[in-house]
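Counting in the numbering used here, the sequence shown runs from 746 upward without gaps.
The beta carbon of each residue, even a glycine, is placed where N, CA and C say it ideally should be.
Fair warning: this is a prediction, and the values are worked out from it, not measured in the lab.
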Amino acid sequence: SIRYMEEAIELEKSDKMKARYAHSIAKLYFEKKQYLKAHQWCKKSYGFDPTYGWAYLYDASCISRVPTTNQLDRSKQFNLAYDKIMRAKAVDPACTEAVNKVAWGYRENWYPRSEAFFKNLKEGVTITVLGEQTVLRFK
């Protein structure tokens, strides 16, 4: 079914519809627990339609589930995921309620400020996570 959705994107003229199809593909990969592929399809979705907030919101779920080897890397992913939910809220008011419900969960997974001190980590610096830039934040 993913192949058919990819073909639909190729044939589709409307970027809004292409975004919906790409989002559907992301959901299929998410269900298969292929979170990195799901993340990539979410990026394609909001690449077609930057105002499609649900793709950003879904992308946050994907990013937060990509496997990592340590707590610091995981917390960095939650920094990026938080950016995505805030972007969803900014571009699509229909997402506001959903974002407000989950935002605290993303913030709770940021790296502890008390441990950051001992690793000489600086809050507010730009970092790269999954090929994208975000800001390092602590709880």
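Across the segment 833-845 and the segment 775-790, are there enough close Cβ pairs to call them in contact, namely three or more that are closer than 8 Å? Verdict: no, contact absent.
Of the residues Glu860, Arg819, Asp828, which one's Cα is nearest the Cα of Ala848? As a first step, residue 848 is located in the sequence shown; it is residue number 103 there, counting from the start. When each option's Cα is compared against that of Ala848, the closest is Asp828.
Which listed residue (Thr879, Phe775, Cys807) has its alpha carbon closest to that of Ile747: On the sequence shown, residue 747 is found 2 positions in, with the first residue counted as 1. If we check each option's Cα against that of Ile747, Phe775 comes out closest.
Can you check whether the CB of Tyr791 is closer than 7 Å to the CB of Ala826? As a first step, residue 826 is located in the sequence shown; it is residue number 81 there, counting from the start. As a first step, residue 791 is located in the sequence shown; it is residue number 46 there, counting from the start. No, Cβ-Cβ distance for Ala826 and Tyr791 is not below 7 Å.
Determine the extent of the beta strand (DSSP E) in which Val880 is found, giving its start and end residues. In the sequence shown, the residue the question calls residue 880 occupies position 135. Residues 877-880.
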